[in-house]
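Peer 1: Shown below is the structure under consideration.
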Amino acid sequence: MQLFNKPMPARQTLRVLARLLSYPGTALRAHLPELRRALAGEAALSEMRMVELDALIELLARRPALDVEADYVELFDRGRSTSLHLFEHVHGDSRERGPAMIDLAQTYEKAGLYLAQGEMPDYLPVALEFTSTQPPREAREFLAEMAHILNAIFAALQQRRSPYASVLGALLELAGETVQSVKVVPDEAIDDIWQEPPAFDGCSSRGQAGPGQPQPIHMVRKPRPVQGAAA
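In my numbering, the protein residues as written are 496 to 726.
The structure is reproduced here in structure tokens:
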């Protein structure tokens, strides 16, 4: 993402938080000491949050790379409750998601930010990059608009005892919001979501009836042949 706006007081902190929520590949882990220094230098967060974030950074630095990466994928890519795609929590798979994506991308472009190929505008690290370019008041208001989603992700991460919850807690702190109790809906197992129907048993898959269940009948009106048309 290209950035053209002037920085804001918590710019470095927001960008560090965006990085910490990104895939923990080799490049990210190589810059963990710099991320830690940036957080300490700006001192935009409470001491408690700083201690929590420092523990997360230490964990990412010390654990084996394959374990860190596998845990990230399992946490953020295999369940809706912890998804970092904001509109997953608002629109799900509904038709409203597409127009919302376009509107958000246009908001970024008006501020001089243009997404790289493959970047999704509702991906939280991308939204934080945008927020980091805004003046303090606008940045806080933008974060506050997302507070209900941030709270939901925070609750889901806490339920899983994930140290990544500290990043969401820090974002709520920057937004001037308090952490609220949110009921976490259990994620459906990914294997159940993508399960294919067994062959020749009545197509018992999502949205279809299974063996022994009434099978839906779809009536299709057959057009009448036009008189005089060739057979």
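Glycine residues also receive a C-beta, built at the ideal position from the N, C-alpha and C atoms. Every value quoted in this text rests on a predicted model; they were computed, and no experiment measured them.
With respect to the alpha helix (DSSP H) encompassing M543, which residues constitute its N-terminal and C-terminal limits?
Peer 2: For the purposes of this step, residue 543 is taken as the residue at position 48 of the sequence shown. For M543, the enclosing alpha helix (DSSP H) covers residues E542 to R557.
Peer 1: Count the other CB atoms, across all protein chains shown, that sit within 10 Å of the CB of E577; report buried if there are 16 or more and exposed otherwise.
Peer 2: Taking the first residue of the sequence shown as 1, we reach residue 577 at position 82. A small fix is needed here, since residue 577 is Thr in this sequence, not Glu. So T577 counts as buried.
Peer 1: Do the region 528–541 and the region 508–520 touch if we need at least three Cβ pairs shorter than 8 Å?
Peer 2: Yes, they touch.
Peer 1: With three or more C-beta pairs closer than 8 Å as the rule, is the region 553–562 touching the region 620–638?
Peer 2: With the cut-off at 8 Å, the region 620–638 and the region 553–562 do not touch.
Peer 1: Taking 7 Å as the cut-off, decide whether the C-beta atoms of I644 and H580 are in contact.
Peer 2: Within the sequence shown, numbered from 1, the residue matching residue 644 stands at position 149. Within the sequence shown, numbered from 1, the residue matching residue 580 stands at position 85. H580 is positioned such that its CB atom lies no closer than 7 Å to that of I644.
Peer 1: Among A539, M615 and D598, which has the Cα closest to the Cα of R506?
Peer 2: Walking along the sequence shown from the start, residue 506 turns up at place 11. Nearest C-alpha to R506: A539.
Peer 1: Just the Cα atoms here: how many angstroms apart are E547 and L669?
Peer 2: Along the sequence shown, read from residue 1 onward, the residue named residue 547 stands at position 52. Along the sequence shown, read from residue 1 onward, the residue named residue 669 stands at position 174. Between E547 and L669, the C-alpha separation is close to 15 Å.
Peer 1: Cα-Cα, which of V568, A600, E569 and Y567 is closest to F582?
Peer 2: In the sequence shown, counting from the first residue as 1, residue 582 sits at position 87. Considering only alpha carbons, the answer is A600.
Peer 1: Check the C-beta distance from V674 over to F649 and give it rounded, since I have them as a contact under 8 Å.
Peer 2: Locating residue 674 in the sequence shown gives position 179, counting from the first residue. Locating residue 649 in the sequence shown gives position 154, counting from the first residue. Their Cβ separation, rounded to whole angstroms, is 6 Å, which keeps V674 and F649 in contact under 8 Å.
Peer 1: Classify Y609 as helix, strand or coil using the three-state DSSP reduction.
Peer 2: Numbered from 1 along the sequence shown, position 114 holds the residue referred to as residue 609. Strand at Y609.
Peer 1: Verify whether the separation of the beta carbon atoms of P620 and E564 is less than 7 Å.
Peer 2: The sequence position of residue 620 within the sequence shown is 125, counting from 1. The sequence position of residue 564 within the sequence shown is 69, counting from 1. In this structure, E564 does not lie closer than 7 Å to P620 by Cβ.
Peer 1: Would Y609 be called buried (16 or more neighbouring beta carbons within 10 Å of its own) or exposed?
Peer 2: As a first step, residue 609 is located in the sequence shown; it is residue number 114 there, counting from the start. Y609 should be labelled exposed.
Peer 1: On the DSSP bridge list, what partners appear for H580?
Peer 2: In the sequence shown, residue 580 corresponds to position 85, counting from 1. Its beta-bridge partners are Y618.
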